[in-house]
Amino acid sequence: MIVNGQIQDRLIIPGPTCREDDAMTAMRDAHSRLKDLVLQHAFHPGQQLRARDLADRLKISATPVREALIRLSVEGLIVSVPHKGFYTKPLDLSELSDRYELAFMVSRYAVEKGIAHFTMRGLEEPAVPKIGGVGDVASKQHLALSQSVFVGQLLERIAGLAGNTAALALMQTFNDHTRYIRLLDLEDAGTARMVFANVSRLIGHLREKNPDLAVFELKILLVGTIERLPTLVKEVNVRALKHFFL
1 MIVNGQIQDR LIIPGPTCRE DDAMTAMRDA HSRLKDLVLQ HAFHPGQQLR
51 ARDLADRLKI SATPVREALI RLSVEGLIVS VPHKGFYTKP LDLSELSDRY
101 ELAFMVSRYA VEKGIAHFTM RGLEEPAVPK IGGVGDVASK QHLALSQSVF
151 VGQLLERIAG LAGNTAALAL MQTFNDHTRY IRLLDLEDAG TARMVFANVS
201 RLIGHLREKN PDLAVFELKI LLVGTIERLP TLVKEVNVRA LKHFFL
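Given below as structure tokens:
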């Protein structure tokens with residue numbers, strides 16, 4: 001390739017235009033907002049998601065919304081039905097149970113492979129509700145949210161011990177699909193105390209570099225949750241039926 005009379009040995013690939021940058025930013029914004037709504041079960045189970053209606057509700061263009069819906073379907077968070085459109089996915093108990101079992105297997109592998117590299121740097125344990133403690137609904141929900149976020153961050157930190165990007169990506173996907181379930185689970189103060197006693201023991205064993213006991217606590221944390229899933233799934237679907245985002 002000749003540029004200004006000089007032979008160039010590389011192709012010069014033009015960067016994105018301002019218009020392309022704006023379109024990409026709009027799509028990322030639409031995807032982020034819709035993903036949060038889907039993960040919070042702000043729509044009825046099985047509800048059709050129409051790009052135009054969502055765009056009007058979110059006060060943005062329909063094009064980035066349509067692109068965001070395609071991306072959400074690729075991520076497995078919603079369903080795309082050919083010639084019909086996009087629909088929310090009702091929670092499936094069997095699928096959720098499988099996700100928890102797979103998350104445990106990945107965590108076990110990561111701990112057994114890389115526990116020597118575990119650190120809590122950057123992670124801060126949230127408060128745990130006291131027995132008989134009182135507080136308004138908003139403060140309790142905020143506490144449950146901080147606890148839920150922490151558990152998700154801890155699981156990703158553990159998955160990272162494998163030194164395997166696929167393992168970390170799988171745990172991030174698990175966190176996406178179980179975020180609301182975990183939040184709902186921790187809204188119950190008794191469950192939160194039980195879970196965080198378990199988490200505290202887990203962190204202790206990770207710090208002590210004891211893989212066997214760490215895996216034991218991981219099994220309680222992840223596989224143990226499966227026993228509560230039937231009640232949690234039912235509650236999520238009941239709450240979703242009360243939402244009228246569209």
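Just so you know, we're using full-length UniProt numbering here: the sequence shown kicks off at 1 and counts up by one.
The beta carbon of each residue, even a glycine, is placed where N, CA and C say it ideally should be.
Here the structure is a predicted model, which is why all the values come from computation and not from measurement.
Rounded C-alpha distance that separates residue i from residue j
{"i": "Arg157", "j": "Ala55", "result": "36 Å"}
{"i": "Lys209", "j": "Gly114", "result": "9 Å"}
{"i": "Glu124", "j": "Pro82", "result": "45 Å"}
{"i": "Val27", "j": "Gly152", "result": "Checking the sequence, you will find Met at residue 27 rather than Val. Their backbone Cα atoms lie some 26 Å apart in a straight line."}
{"i": "Asn198", "j": "Lys234", "result": "25 Å"}
{"i": "Asn175", "j": "Ala103", "result": "9 Å"}
{"i": "Leu161", "j": "Gly122", "result": "15 Å"}
{"i": "Arg99", "j": "Ser148", "result": "17 Å"}
{"i": "Ile7", "j": "Asp22", "result": "A caution first: Ile7 carries a pLDDT of 47, below 50, which makes its placement in the model unreliable, though a value can still be read off. When rounded, the distance between both Cα atoms is 34 Å."}
{"i": "Val111", "j": "Ala159", "result": "8 Å"}
{"i": "His177", "j": "Leu72", "result": "12 Å"}
{"i": "Phe196", "j": "Val128", "result": "7 Å"}
{"i": "Asp188", "j": "Arg52", "result": "38 Å"}
{"i": "Pro64", "j": "Ser200", "result": "43 Å"}
{"i": "Ala144", "j": "Val236", "result": "15 Å"}
{"i": "Met194", "j": "Arg33", "result": "33 Å"}
For residue i, three-class secondary structure by DSSP
{"i": "Ala192", "result": "helix"}
{"i": "Phe86", "result": "strand"}
{"i": "Ile181", "result": "helix"}
{"i": "Gly5", "result": "In this predicted model, Gly5 has a pLDDT of only 48, less than 50, meaning its place in the structure is not dependable enough to derive any value."}
{"i": "Leu77", "result": "coil"}
{"i": "Leu49", "result": "strand"}
{"i": "Phe104", "result": "helix"}
{"i": "Thr119", "result": "coil"}
{"i": "Ser200", "result": "helix"}
{"i": "Ala26", "result": "helix"}
{"i": "Ile70", "result": "helix"}
{"i": "Glu125", "result": "coil"}
{"i": "His44", "result": "coil"}
{"i": "residue 324", "result": "Nothing about residue 324 can be reported from this structure: the residues present for the chain run from 1 to 246 only."}
{"i": "Lys59", "result": "coil"}
{"i": "Leu218", "result": "helix"}
{"i": "Ala240", "result": "helix"}
{"i": "Leu232", "result": "helix"}
{"i": "Gly152", "result": "helix"}
{"i": "Lys209", "result": "coil"}
{"i": "Glu187", "result": "coil"}
Closest residue to residue i among the options (Cα-Cα distance)
{"i": "Gln48", "options": "Gln40, Asp36, Thr88 and Leu58", "result": "Thr88"}
{"i": "Lys140", "options": "Asp22, Asp98, Leu184 and Val223", "result": "Leu184"}
{"i": "Val79", "options": "Gly46, Ala214, Ala162 and Ser107", "result": "Gly46"}
{"i": "Pro230", "options": "Leu143, Leu96, Met105 and Val106", "result": "Leu96"}
{"i": "Ile203", "options": "Leu155, Lys242, Glu187 and Thr173", "result": "Leu155"}
{"i": "Tyr180", "options": "Gly190, Leu232 and Leu206", "result": "Leu232"}
{"i": "Pro90", "options": "Leu39, Arg108 and Lys59", "result": "Leu39"}
{"i": "Leu170", "options": "Thr63, Met194 and Glu75", "result": "Glu75"}
{"i": "His205", "options": "Ala144, Ala116 and Leu186", "result": "Ala116"}
{"i": "Pro126", "options": "Leu186, Val106, Arg50 and Leu93", "result": "Leu186"}
{"i": "Thr173", "options": "Val106, Arg207 and Ala30", "result": "Val106"}
{"i": "Tyr109", "options": "Val238, Leu218, Val236 and Glu227", "result": "Leu218"}
{"i": "Lys242", "options": "Glu227, Phe43 and Leu69", "result": "Phe43"}
{"i": "Gly224", "options": "Thr191, Leu34 and His41", "result": "Thr191"}
{"i": "Arg239", "options": "Leu37, His41 and Leu34", "result": "His41"}
{"i": "Ala30", "options": "Arg57, Ala68 and Phe118", "result": "Ala68"}
Counted within 10 angstroms of its Cβ, other Cβ atoms place residue i as buried (16 or more) or exposed
{"i": "Met24", "result": "exposed"}
{"i": "Leu11", "result": "Confidence is the limiting factor: at Leu11 the pLDDT is only 48, short of 50, which leaves the residue's position unreliable, though a coordinate-based value still follows. Classification of Leu11: exposed, given that the 10 Å Cβ count is below 16."}
{"i": "residue 253", "result": "Not covered by the structure: residue 253. The range shown for the chain is 1 to 246."}
{"i": "Glu101", "result": "exposed"}
{"i": "Leu93", "result": "exposed"}
{"i": "Arg207", "result": "exposed"}
{"i": "Ile2", "result": "Because Ile2 sits at a pLDDT of 47, beneath the cut-off of 50, its placement in the model cannot be relied upon, and the following sentence gives the value as read from the coordinates. Per the 10 Å Cβ criterion, exposed."}
{"i": "Arg182", "result": "buried"}
Heavy atom of the ligand COA within 7 Å of residue i beta-carbon
{"i": "His31", "result": "This structure lacks the ligand COA; in fact it carries no ligand of any kind."}
Legend entry - Cβ pair count under 8 Å reaching 3, the stretch 159-173 against the stretch 209-229: These segments do not touch.
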